[in-house]
Amino acid sequence: MSHPFESHPTAHAVTLLTRDGCGLCHTALAQLRPLCAEFGIEVQTVDVDVAAATDPGLRAEYGDRLPVVLLDGREHSYFDVDEPRLRADLAK
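Count along the sequence shown from 1, then add 52; that gives the number in this note's numbering.
What follows is the structure, encoded as structure tokens:
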């Protein structure tokens with residue numbers, strides 16, 4: 053039985069929207085992997101061009117500002133990973 057005062061952090065989902073050949077996307081993924089690993093989260097990646105076959109809105113909304121970091125399905129940052137803010141939000 054767990055102690056009533058123990059904290060149980062909520063598992064968050066981190067998704068990186070990418071595109072093949074995107075150098076900034078590779079950099080962002082390299083930043084995200086170790087940061088998310090600290091919180092026991094595996095970064096998911098979605099290529100917006102591949103996803104356009106079933107979800108064209110994704111590319112239409114985010115395709116011109118990749119990479120985009122989604123936290124729990126909502127835009128968190130784009131172009132650069134906002135590490136301090138993401139770390140704080142993952143800790144919530």
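Ideal Cβ positions, reconstructed from N, Cα and C, are used throughout, including at glycine.
Judged by beta-carbon spacing, T97 lies beyond the 8 Å limit of L123, meaning their Cβ atoms are not closer than that value. The Cβ atoms of V100 and R85 lie no closer than 8 Å to each other.
Under the three-state reduction of DSSP output, H78 falls in the helix class. Judged by their CB atoms, V133 and V120 are not nearer to each other than the 8 Å cut-off.
Shown here, V66 sits in a strand according to DSSP, grouped into three states. Around the beta carbon of R117, fewer than 16 other beta carbons sit within 10 angstroms, so the residue counts as exposed.
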